[in-house]
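Peer 1: Before I ask anything, let me first share the structure, which is written out below as C-alpha cells.
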Amino acid sequence: MWRLALRTLAFRKDAFAALFTAMFLGAVIISAAGALMETGVREVVPPQRLAGAPIVIAGDPSYALPKADPRDDDTDWTRLTERVRLGTGLLDTVRAVPGVGQVIGDLSFPVAVLRGERPAGTGHDWSSAVLAPYELRAGTAPAGPGDVVLDSVLAGRSGARPGDRVEVAVGGVAETYRVTGVAAPAGGRVVAGAAMFFSAPDARRLAGHPGTVDAAAVLPAPGTGAGALRPRVQAALRGQAAVVLTGDDRGVAEFPSGREGGENLVVISGVTAGMTLMVTVLVVAGTLRMSIGHRRREMALLRAMGTPPARIRRMVFGEAMTVSAVAVVPGCLVGPYLGHRLFLRLVDDGVVPGVMPFQQGWIPVLATAVTCLLAAAAATFLPARRASLVPAVDRPADAVPQGRRLGPVRSAVALLCLGGGAALAVSAAVTPRPPAVSAVFLAVFTLAVGLTLAAPLMTSVMTEVLRHPVRAVFGQMGHLAILNARARTVRVAAATTPIMLITGIALSNVYLQTTPADAAERAYVSSLRADAVLTAESGGLAAGLLDRVRSMPGVAGASEFVTGTAFLESPYDAWQSEDGWPVQGVTAEAAGLVTAFRLTAGTLAELRGDTVALAEGHARQLGRGLGDTVGMRLGDGRVVGLRVVALLAAKPGAETILMPARLLAAHTTAGLPPQILVRSASAADVPRVTAALAGSVRAVPGLRVTDAGVLSSVGTERQRTRGWVDCLFTGITLAFVVISVISTQAAGAARRRREFGLQRLVGSSRGQVLRMMGIEGVLVAVIGVVLGTVVFVPALLPFTIAVSGSPLPSGPVWLYVIVVCSAGLSALMGALSPAWVATRSRPVVAVRPADP
6 MWRLALRTLA FRKDAFAALF TAMFLGAVII SAAGALMETG VREVVPPQRL AGAPIVIAGD
66 PSYALPKADP RDDDTDWTRL TERVRLGTGL LDTVRAVPGV GQVIGDLSFP VAVLRGERPA
126 GTGHDWSSAV LAPYELRAGT APAGPGDVVL DSVLAGRSGA RPGDRVEVAV GGVAETYRVT
186 GVAAPAGGRV VAGAAMFFSA PDARRLAGHP GTVDAAAVLP APGTGAGALR PRVQAALRGQ
246 AAVVLTGDDR GVAEFPSGRE GGENLVVISG VTAGMTLMVT VLVVAGTLRM SIGHRRREMA
306 LLRAMGTPPA RIRRMVFGEA MTVSAVAVVP GCLVGPYLGH RLFLRLVDDG VVPGVMPFQQ
366 GWIPVLATAV TCLLAAAAAT FLPARRASLV PAVDRPADAV PQGRRLGPVR SAVALLCLGG
426 GAALAVSAAV TPRPPAVSAV FLAVFTLAVG LTLAAPLMTS VMTEVLRHPV RAVFGQMGHL
486 AILNARARTV RVAAATTPIM LITGIALSNV YLQTTPADAA ERAYVSSLRA DAVLTAESGG
546 LAAGLLDRVR SMPGVAGASE FVTGTAFLES PYDAWQSEDG WPVQGVTAEA AGLVTAFRLT
606 AGTLAELRGD TVALAEGHAR QLGRGLGDTV GMRLGDGRVV GLRVVALLAA KPGAETILMP
666 ARLLAAHTTA GLPPQILVRS ASAADVPRVT AALAGSVRAV PGLRVTDAGV LSSVGTERQR
726 TRGWVDCLFT GITLAFVVIS VISTQAAGAA RRRREFGLQR LVGSSRGQVL RMMGIEGVLV
786 AVIGVVLGTV VFVPALLPFT IAVSGSPLPS GPVWLYVIVV CSAGLSALMG ALSPAWVATR
846 SRPVVAVRPA DP
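When you read off a place in the sequence shown, starting at 1, and then add 5, the result is the number in the numbering used here.
Spelled out as C-alpha cells, the structure:
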C-alpha cells in the first residue's frame, strides 16, 4: 500500500498540491511562532552596564496570588508591575558571605542636562562605574556632593567639558553641578542609554528611595569562582524577596522590561501557533475529504478487487503523511526567518525591548515538525476511515458523492460543540471579568469546531437560502452555479471552512481584546474631569509644584495623579485576577473636583495617609465597609494595611481603587507623582489657566501642559500597539487562509475540465462558463463569511453587552472589511484561475476521458 500511495501522488497533483500548500504554510507560521516563543521563554537580556559583575542580585518580582485555602498546593503566580528594590541591610548580609570580595549597590534614576541639545540619560552612583566598566577619558571622579561625571554621549550632546558647571534636572528640580570628568565604556563596549555619575550622597538623595538600592553587584574575592559563590549567596538570602542572577540573566536587573517583553512574546506566539494549528488541521481534513469524494470510484474498484479496508486506510494515510512530510521540512526551515522579521517589527513598536536578542535553536524546529506531522495524522484519520467504508459496488452517479447527511457520531459531536459553545458564551457574560475572556475564546473555538463538523449540512442550508437571491441577481448563470453548489456540497464545504475559521476565530481574537480594553478606557477617562494636565515626561514632579499650581488665579483645585496596580492580600479576594486591580492615586483636598466617581458612602476628603476607597460591589464581596481595614500589596511588593474611607459606585468589571497619591507614588519605580490634574473655576478660565501653567513650567525641562486628552494617551498607545500586534498576526493567518482557499478551490475546479467542455458543446460560451465559476466563488465567500460571523457574533454578543452595554464589539471595523474582501478575492481567484486554464482548449479535446 505504501508503494501504491507513492504512485498515486503523480496522478493527483491538484488535490495533493492543496494539501502541500496548507501544510507548508502551517509549518512556516508555527515555526516562526516557535522561534518567538523560544526567545520569550529564555528571556535572555545580556548585561551591559553591569557586565563586569559575575553575580547580580535583584528584587524578586514574582508574586504568589493569595489562595482561598492556604493549604491548597496549587499556586498561581504573577509578576509585580514596579521595580522591587533591595534594602541596604541585604548588602551587609551578602558581604558577610565567605568568598565575597565586594558588594556594590546600584541606583538608577532619570536625569537631563540643561545645556546644548538638553540630552537625557540615567543617573548612577560613581561606585557602580567599575561594573561596565567605565573609564575616565578626561578629568577626575566625583570628589563629593555637587560633582558629576558625564559619559561621552552626554558630554558630546551638551558640549560640557571638565571644569564646566551645568544644570541637571532630576525629579522636576534643576540643580547646578560641576563636571569633573568624562567617561566611556572600556574596550569599546556598547551600553544602551547615556549615563551620568554622581557622588554617593547625591545619588542616594536623587534616587528618592532612601535605604534601598535597585540591584547589588557581587564581585568574588580573589581565588573564588562565581559558580562556587552563587550557592552561598543564595543560601544567605533564602527567604528574602531577592533573586541571584548570573550569565545573561543578569540583564533583567538592568533592564526589567525584558521580563515583560518575554511574556508578550510567549502570549503572542502561543495564540498564533494554536490558532494556525487548528486552522491547519481543519483545512487539511476538509481537503482530504474533498479528495476522497473525487476518488470514490477508485476506492470502490479497490474494494471490488478484494482490498481490505485497513489497507485502504494505510494508503490514504501514506499519501497524506508523505505530502505532509515533504511540505513540513522546508516550512520549518523558512519559519525562523519569518520569526526574525516579526521579532524586529515587535522591537520597533516597543512590544519587545531592543536589548533582548532574537533566539533561534533546533528545539522549536523539531517541535514544529513533530506537531505538524501529528496534526496531519489527526486530520487524516476521518477521511481515511471514510475512504475505507466505500462499498465494493458503487453506482456511477455516486462516483463523486456529495451527501448532505451527517453520520451519527459526527452529528453528536457537532451538536455537543455547538451546545457547549453557547453555554460558555452565556456563562462568560454572567461575570464579565478577565477569566471570562478565556471562556469566550473557548466558546468561539468550540462553535468553530461544531460548525466545521456540520459544514456540509450548513453549506446545503446556506445554498438553499441563497438560491433565489442568486438567481434573481445573476440569472441563468446564477441558477447553474446554485445547481453546481448543491451537487458538490463537500467541495463547497471544504472551500468555505478556512474562510469561516479566519472570520470567526481571528476576528474574535482581535475584538475580544479591544472590547474590554475600550470599555475600561472609557470608564477610566469618564472617571476624571480635569481641564488641564501637567505631566512629567520622565522621573516625576517636584513636591512643591502642587502648591504653586493651587495658588494660580482661576484654579479651583489641583491634585497629584498616580496610576498603578495592587493586589488584595487580605481578606481573600475571589474576584482578583493575575493582572491585579487598577489603582489611582489622588490628593484628598481636590479629589472630589478632579474625579467623577459617585460615592455611595464616606468621603474622599479623608483619603489621607494609609487609607483607601473601594468600589461598593467589590467591598461587599470582600465583606468590608467603612472603617474596616484591608491588606494590599502594592506594585513594588510592599504590603500596607489600609482603612476604607469611601465606597464608590462602579459598573461590574470596571472597579477601581483610589489611594492617596503620595502613598501610591512612593511604591512606584519613579517614586514621584508623574501628573497633576487641574480643575478651573469656570469654563471661561480654562484658556487662561492653561496658558499660566505653560508659562510657569516653561523653564523646567521635561514638563508639559496639555488638556485632559493626555490622560487616555498612554492607554490609547498601548491599545494601538496591542491592536497592531493582533492585526499583524491575524494578517499572517489570513494570508495562510487565502492561499488555502485558492488551492482548495483550484483542486476542485481543475477536475471539472470535461464538465466545462460539455457545457460549451451544448451552447455555452467560454465567458458564460467563467461567469458561472465566478458566481460559485462569490457563493463560497458569502457562505464562509456568514458562517464565520455566526461563530463569533453569538459568542461575543453576551460578553460585549455585559462589558460595554452595546451589542457591537469595539475595535477596527476595517479589519472585518479586509477579511470579507480577502475571502471574496481568494474564492474568485481559486475558482476562476483553473477554470480559465481548463477552458483554453477546444471543447472536443476537453471532453476526452482523462485518467481517474
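C-beta atoms are modelled at their ideal positions from N, C-alpha and C, and glycine is treated no differently.
1) Could you tell me the distance, in whole angstroms, from the CA atom of D350 to the CA atom of I737?
2) Given 8 Å as the limit, is there contact between the stretch 135-150 and the stretch 488-507, that is, 3 or more CB pairs closer than that?
3) Can you check the stretch 662-689 for any beta strand (DSSP E) of at least 3 residues that lies completely inside it and give the ranges in chain order?
4) Assuming T464 is part of the alpha helix (DSSP H), what are its boundary residues?
5) Three or more beta-carbon pairs under 8 Å between the stretch 92-112 and the stretch 577-595, yes or no?
6) Under 9 Å, do L458 and V418 count as touching if we go by C-beta distance?
7) When the Cα atoms are used, what is the spatial distance from P103 to G228?
8) G630 and T281 - do their beta-carbons sit closer together than 9 Å?
9) To the nearest angstrom, how far is it from the Cα of A487 to the Cα of E781?
10) Does DSSP put L604 in a helix, in a strand, or in coil?
11) Mind checking which residues open and close the beta strand (DSSP E) that includes A188?
12) Out of L141, F114 and E122, state which residue places its alpha-carbon closest to the alpha-carbon of D130.
13) Which residue comes first and which comes last in the beta strand (DSSP E) that contains L242?
14) May I ask you to verify whether the stretch 560-567 touches the stretch 670-690, counting CB pairs closer than 8 Å and requiring at least 3?
15) Where do the N-terminal and C-terminal ends of the alpha helix (DSSP H) with A553 fall, by residue?
16) What is the residue span of the alpha helix (DSSP H) that T98 lies within?
17) Is S575 helix, strand or coil by DSSP?
18) Could you tell me which residues DSSP puts in a beta bridge with Y821?
19) Count Cβ pairs between the stretch 262-270 and the stretch 46-59 that sit closer than 8 Å; are there 3 or more?
20) Just to confirm my understanding: we take R400, look at its own chain, exclude 5 residues before and 5 after, and list those with CB closer than 7 Å. What are they?
21) Where does the unbroken beta strand (DSSP E) through R142 begin, and where does it stop?
22) Leaving out the 5 sequence neighbours to the left and right, which residues in its chain are closer than 6 Å to S513 when beta-carbon positions are compared?
23) From the DSSP output, read off the bridge partner residues of M201.
24) Opposite T83 in the DSSP bridges: which residues?
25) Are there 16 or more other CB atoms within 10 angstroms of the CB of I368, so buried, or fewer, so exposed?
26) At which residues does the alpha helix (DSSP H) containing A528 begin and terminate?
27) Around the C-beta of T80, are 16 or more other C-beta atoms found within 10 angstroms, so that it is buried, or is it exposed?
28) Can V454 and A27 be called in contact, C-beta distance under 9 Å?
29) Please work out which residues of its chain come closer than 6 Å, Cβ to Cβ, to Q365, disregarding the five sequence neighbours upstream and downstream, and give them in chain order.
30) Rounded to a whole number of angstroms, what is the C-alpha to C-alpha distance between I823 and A786?
31) Using only the alpha-carbon positions, how far apart do T327 and T385 sit?
32) Looking only at its own chain, which residues have a Cβ that is under 6 Å from the Cβ of A610, when we skip the five neighbours before and after it?
33) Can you check whether the CB of A220 is closer than 9 Å to the CB of G64?
34) On the DSSP bridge list, what partners appear for P587?
35) How is W841 classed by DSSP in three states: helix, strand or coil?
36) Just the Cα atoms here: how many angstroms apart are L85 and P52?
Peer 2: If we stick to the structure as given:
1) Along the sequence shown, read from residue 1 onward, the residue named residue 350 stands at position 345. Along the sequence shown, read from residue 1 onward, the residue named residue 737 stands at position 732. For the sequence presented, residue 350 should be read as Arg rather than Asp. The alpha-carbon atoms of R350 and I737 are separated by roughly 13 Å.
2) no
3) 662-665 and 680-685
4) Numbered from its first residue, the sequence shown carries residue 464 at position 459. Unbroken alpha helix (DSSP H) run through T464: A460 to A492.
5) no
6) Counted from its first residue, the sequence shown places residue 458 at position 453. Counted from its first residue, the sequence shown places residue 418 at position 413. Result yes, Cβ atoms of L458 and V418 sit closer than 9 Å.
7) Against the sequence shown, residue 103 aligns to sequence position 98. Against the sequence shown, residue 228 aligns to sequence position 223. Approximately 12 Å between the Cα atoms of the pair.
8) By 1-based counting over the sequence shown, the position of residue 281 is 276. By 1-based counting over the sequence shown, the position of residue 630 is 625. No, the pair does not count as a contact, with Cβ atoms beyond the cut-off.
9) Looking up residue 487 in the sequence shown gives position 482. Looking up residue 781 in the sequence shown gives position 776. As written in the sequence, residue 487 is Ile, which differs from the Ala given in the question. Each residue's alpha carbon lies about 7 Å from the other.
10) Counted from its first residue, the sequence shown places residue 604 at position 599. Here L604 sits in strand by DSSP.
11) For the purposes of this step, residue 188 is taken as residue 183 along the sequence shown, with counting starting at 1. Run containing A188: V178 to P190, per the beta strand (DSSP E) assignment.
12) Numbered from 1 along the sequence shown, position 125 holds the residue referred to as residue 130. Of the listed residues, the one whose Cα sits closest to D130 is F114.
13) Your numbering for residue 242 matches position 237 in the sequence shown. Run containing L242: none; DSSP gives neither H nor E here.
14) yes
15) Translated into positions along the sequence shown, residue 553 becomes position 548. Per the sequence presented here, residue 553 reads as Arg, with Ala not at that position. Looking at the DSSP string, the run of the alpha helix (DSSP H) that includes R553 is L550 to R555.
16) As a position in the sequence shown, residue 98 is number 93, starting the count at 1. Its alpha helix (DSSP H) spans residues T93 to R100.
17) Sequence index remark: in the sequence shown, residue 575 carries index 570 (1-based). Note: S575 maps to strand in three-state DSSP.
18) Position 816 of the sequence shown holds residue 821. DSSP lists no partner for Y821.
19) yes
20) Within the sequence shown, the letter at position 395 stands for residue 400. Confidence at R400 is low in this model, with a pLDDT of 49, below 50, so its placement is unreliable and no value can be given for it.
21) Position 137 of the sequence shown, counted from the first residue, corresponds to residue 142. Per DSSP, R142 belongs to the beta strand (DSSP E) from Y139 to G144.
22) Your numbering for residue 513 matches position 508 in the sequence shown. Same-chain partners within the cutoff: V449 and F797.
23) By 1-based counting over the sequence shown, the position of residue 201 is 196. Its beta-bridge partners are G128 and L155.
24) Here residue 83 refers to the residue found at position 78 of the sequence shown. Note: T83 sits in a beta bridge opposite Y68.
25) Reading the sequence shown from its first residue, position 363 is the one you call residue 368. The residue in question, I368, is exposed, as its Cβ has fewer than 16 Cβ neighbours within 10 Å.
26) Within the sequence shown, numbered from 1, the residue matching residue 528 stands at position 523. Segment L512 to S531, the alpha helix (DSSP H) holding A528.
27) Locating residue 80 in the sequence shown gives position 75, counting from the first residue. Looking at its Cβ environment, which holds fewer than 16 other Cβ atoms inside 10 Å, T80 is exposed.
28) Counting from one through the sequence shown, the residue named residue 454 turns up at place 449. Counting from one through the sequence shown, the residue named residue 27 turns up at place 22. It is not a contact, given that the beta carbons lie outside the stated cut-off.
29) To locate residue 365, count along the sequence shown from 1; it is residue 360. Answer for Q365: A40 and P341, listed in chain order.
30) Against the sequence shown, residue 823 aligns to sequence position 818. Against the sequence shown, residue 786 aligns to sequence position 781. Going from the Cα of I823 to the Cα of A786 covers about 13 Å.
31) On the sequence shown, residue 327 is found 322 positions in, with the first residue counted as 1. On the sequence shown, residue 385 is found 380 positions in, with the first residue counted as 1. Their Cα atoms are separated by approximately 12 Å.
32) Here residue 610 is taken as the residue at index 605 of the sequence shown, counted from 1. Taken in chain order, the residues that qualify are A593.
33) Here residue 64 is taken as the residue at index 59 of the sequence shown, counted from 1. Here residue 220 is taken as the residue at index 215 of the sequence shown, counted from 1. Yes; because the gap between Cβ atoms is below 9 Å, this pair is in contact.
34) Residue mapping note: residue 587 aligns to position 582 of the sequence shown, counting from 1. Answer by DSSP bridge pairing, in chain order: T570.
35) Numbered from 1 along the sequence shown, position 836 holds the residue referred to as residue 841. Reduced to three states, the DSSP call for W841 is helix.
36) Against the sequence shown, residue 85 aligns to sequence position 80. Against the sequence shown, residue 52 aligns to sequence position 47. C-alpha separation (whole angstroms): 21 Å.
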